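To start, the structure itself, in structure tokens.
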Amino acid sequence: MSTREEIQKLKKEKNAVILAHYYVNDEVQEIADYIGDSFYLSKVATKIDAAQIIFAGVSFMGESAKILNPTKRVFMPDAGADCAMAHMVDMKKITQMREQYEDLAVVCYINSTAEIKTFSDVCVTSANAVKIVKNLPNKNIFFIPDGNLGEYVKEQIPEKNVILNNGYCPIHAAMTTEQVKKAKETYPDAEFLVHPECKKEILAMADYIGSTSGIINYATNSEKTEFIIGTENGVFYELKKKNPGKKFYPLSEKGICQDMKTITLTKILNVLKNEENEVFVSDEVRQKAMRPLERMLALAE
Ligand code: 13P
Ligand code: SF4
15 MSTREEIQKL KKEKNAVILA HYYVNDEVQE IADYIGDSFY LSKVATKIDA
65 AQIIFAGVSF MGESAKILNP TKRVFMPDAG ADCAMAHMVD MKKITQMREQ
115 YEDLAVVCYI NSTAEIKTFS DVCVTSANAV KIVKNLPNKN IFFIPDGNLG
165 EYVKEQIPEK NVILNNGYCP IHAAMTTEQV KKAKETYPDA EFLVHPECKK
215 EILAMADYIG STSGIINYAT NSEKTEFIIG TENGVFYELK KKNPGKKFYP
265 LSEKGICQDM KTITLTKILN VLKNEENEVF VSDEVRQKAM RPLERMLALA
315 E
């Protein structure tokens with residue numbers, strides 16, 4: 015029996031479903047039951063009634079799924095797959111900001127640890143950050159951990175005082191304006207679609223800025239046929255699948271999140287077989303981290 019067949023068999027036997035982010039390897043996206051951006055996957059996680067969730071993504075995604083659906087068992091194919099940005103907040107700074115601004119809202123990008131979420135008022139993803147911050151009653155917003163997404167939100171909502179943190183995604187932050195210029199010269203008819211984790215000077219050169227789902231939907235609905243893509247290159251799988259007649263060029267060949275790529279079919283089969291790498295979140299952390307996540311789900315509607 016092939017690895018794929020064994021996975022399908024064990025999934026049925028154990029009543030398990032596989033959730034996968036657009037950044038994981040093609041063969042993993044191919045066998046997943048649900049593929050999407052962070053927002054979609056967190057919504058799906060609340061509705062799953064299978065007994066087990068195998069989360070093909072990085073640790074904050076598995077943690078969020080467990081927090082939102084605590085009666086389900088959640089497993090990570092690779093326990094070490096982590097998002098570097100998820101840790102880039104100094105908790106002391108949050109306390110300091112709360113002391114400084116009475117009406118402060120701590121807005122936490124979902125790319126953060128469960129512990130960081132416990133200090134936050136509301137979570138956001140790249141798909142809903144602008145909408146949620148705009149509708150908050152608070153004028154002063156401390157946006158954590160991503161400084162680049164924070165900067166993008168700040169620009170979209172000038173009426174708020176958005177205070178920035180200095181976290182960043184090493185993959186998106188490494189993309190340069192020189193790469194954009196070169197790609198635009200090479201593909202003059204292509205539109206440039208970019209993720210808001212990139213630096214603001216790159217966003218300024220884009221035709222469209224959005225989450226991974228936003229980028230995929232934009233390219234799918236566009237009459238244009240060529241696109242330069244400024245995000246992690248895992249999105250090419252879905253872009254090409256949905257748009258076989260269109261051409262997609264990576265802004266950077268190095269746009270690869272190694273943590274996402276550690277997830278393989280063999281590791282998925284292994285957790286299905288051996289029930290290793292289960293996600294556990296203490297009750298105390300779960301209760302506190304659930305509030306900002308649930309608030310996000312309510313406010314994003
Ligand atoms: P999305 O919100 O588009 O899923 O992005 C998640 C992510 O990790 C980007 O680096
Ligand atoms: Fe984190 Fe960046 Fe990887 Fe996304 S691409 S999971 S933000 S390190």
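Residue numbers (my numbering): 15 to 315. We put the CB at the ideal spot given by N, CA and C, even for glycine. Here the structure is a predicted model, which means the values were calculated and not measured.
At what residues does the alpha helix (DSSP H) containing PHE74 begin and finish? 73 to 82
Report whether the distance from the Cβ of TYR37 to the nearest heavy atom of ligand 2 is below 7 Å. yes
Say whether the stretch 175 to 188 touches the stretch 98 to 114, bearing in mind that this needs 3 or more beta-carbon pairs closer than 8 Å, one atom from each stretch. yes
If distances are taken between C-alpha atoms only, which option among ALA188, LYS23 and ASN152 comes closest to GLU325? Residue 325 is absent from the model: the chain starts at 15 and stops at 315.
So, helix, strand or coil for VAL167, using DSSP? helix
Can the beta-carbon of VAL31 be found closer than 8 Å to that of LEU279? no
Enclosing alpha helix (DSSP H) for GLY228 [first to last residue]: 226 to 235
Between ALA188 and ligand 2, is there a pair consisting of the residue's CB and a ligand heavy atom that are separated by less than 7 Å? Answer for ALA188: no, Cβ out of range of ligand 2.
Looking at the unbroken alpha helix (DSSP H) that takes in ALA59, where does it start and where does it end? In the DSSP assignment, ALA59 falls within the unbroken alpha helix (DSSP H) covering 52 to 61.
Within the continuous beta strand (DSSP E) that includes PRO264, where are the two ends? 261 to 264
Going by DSSP, name the residue or residues bridged to GLU292. PHE89
Rounded to a whole number of angstroms, what is the C-alpha to C-alpha distance between GLU199 and THR190? 15 Å
Any heavy atom of ligand 4 closer than 7 Å to the beta-carbon of THR234? Ligand 4 is not part of the structure shown, which contains ligand 1 and ligand 2 as its ligands.
ILE130: beta carbon under 7 Å from a heavy atom of ligand 2? no
Could you please give the first and the last residue of the uninterrupted alpha helix (DSSP H) stretch that includes HIS186? Counting along the chain, HIS186 sits inside the alpha helix (DSSP H) bounded by residues 184 to 187.
Coarse secondary structure for LYS249, derived from DSSP in three states: For the record, residue 249 in the displayed sequence is Val; it is not Lys. Looking at VAL249 - three-state DSSP - the assignment turns out to be helix.
Whole-angstrom distance between ALA119 and PHE156, CA atom to CA atom: Straight-line spacing of the CA atoms in PHE156 and ALA119 works out to 6 Å.
Spatial neighbours of ILE171 within its chain, please: C-beta separation below 8 Å, excluding the five flanking residues on both sides. VAL144, VAL147 and LYS148
Please say whether ASN162 and GLU211 have beta carbons closer to each other than 8 Å? yes
Along the chain, where does the beta strand (DSSP E) that runs through ASN175 open and close? Membership of ASN175 in the beta strand (DSSP E) is indicated by the continuous run 175 to 178.
DSSP has TYR222 in a bridge; who is on the other side? LEU207
Which of the three DSSP states is assigned to GLU27 in this structure? helix
According to DSSP, simplified to helix, strand and coil, what is GLU315? coil
With DSSP run on the structure shown, which of helix, strand or coil describes LEU33? Taken through DSSP and simplified to helix, strand or coil, LEU33 comes out as strand.
Buried or exposed: which applies to MET310, given that a residue is buried once 16 or more other Cβ atoms fall within 10 Å of its Cβ? buried
Count the other C-beta atoms from every protein chain shown that fall within 10 angstroms of the C-beta of GLN66, then say buried if there are 16 or more, exposed otherwise. buried
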